[in-house]
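As structure tokens, the structure follows; a few thoughts come after it.
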């Protein structure tokens with residue numbers, strides 16, 4: 400908003416459409432969390448700009464994820480990502496858990512139209528289910 404105002408633009412003229420990392424699996428919600436946790440581990444662990452962004456709110460965790468990634472790759476970094484951090488950057492779990500998490504995103508003042516992004520490693524059935532349960536008609 401500040402940048403828009405500095406340039407003489409109205410922040411309300413912009414639509415905020417963040418990409419929301421998501422996976423839903425009613426039979427194995429931990430697997431859904433692991434799919435997004437792996438993706439998050441690769442970004443925070445392997446890309447310093449993402450690590451720095453996360454460090455603004457999760458400094459100790461970002462450092463631990465980076466160190467784990469450097470020492471053991473994404474598998475090690477995944478273990479360093481607490482659920483609290485995961486659910487700040489992703490939606491995962493059972494249908495009801497994911498829908499509640501997604502509604503929390505929709506209820507913020509800044510997000511206009513979130514875009515669901517399902518990691519490519521998620522099996523087709525769970526990918527399709529994720530898209531279905533997070534569609535506007537299901538919320």
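In this note's numbering, the protein residues as written are 400 to 538.
From the three backbone atoms N, C-alpha and C, an ideal C-beta is built for every residue, glycine too.
It should be emphasised that the depicted structure is a prediction, and the values quoted were computed from it without experimental measurement.
Cβ neighbours of residue i in the same chain (closer than 6 Å, five flanking residues each side left out)
i	result
residue 497	423 and 490
residue 484	457 and 460
residue 442	449
residue 428	492 and 493
residue 425	493 and 494
residue 526	517
Expected contact under 8 Å - CB spacing of residue i and residue j to nearest Å
i	j	result
residue 511	residue 415	5 Å
residue 464	residue 479	5 Å
residue 444	residue 468	3 Å
residue 454	residue 529	The Cβ separation is near 28 Å, so there is no contact.
residue 419	residue 509	In fact, because the Cβ distance is near 13 Å, the residues do not count as touching under 8 Å.
residue 434	residue 521	5 Å
residue 436	residue 477	5 Å
Range covered by the alpha helix (DSSP H) that runs through residue i
i	result
residue 422	No alpha helix (DSSP H) holds residue 422; the beta strand (DSSP E) holding it covers 418 to 423.
residue 471	458 to 478
residue 509	Per DSSP, residue 509 belongs to no alpha helix (DSSP H) and is neither H nor E.
residue 435	428 to 445
residue 455	No alpha helix (DSSP H) holds residue 455; DSSP gives it neither H nor E.
residue 542	Because the chain in this structure spans residues 400 to 538, residue 542 falls outside the shown range and cannot be described.
residue 525	523 to 532
Host beta strand (DSSP E) of residue i (start-end)
i	result
residue 490	489 to 492
Heavy atom of the ligand COA within 7 Å of residue i beta-carbon
i	result
residue 487	Of the ligands one can find in the structure shown there are none, so the ligand COA has no counterpart to examine.
Bridge-paired residues (DSSP) for residue i
i	result
residue 515	419
Within-8 Å CB hit, residue i to chain D
i	result
residue 479	No chain D appears in this structure, which consists of one protein chain only.
Contact set for residue i: own chain, Cβ-Cβ below 7 Å, skip 5 residues either direction
i	result
residue 532	423, 494, 497 and 498
Neighbourhood of residue i by C-beta distance below 8 Å, restricted to the same chain and skipping five residues each side
i	result
residue 538	498, 501, 502 and 505
residue 409	403
residue 432	422, 482, 485, 491 and 492
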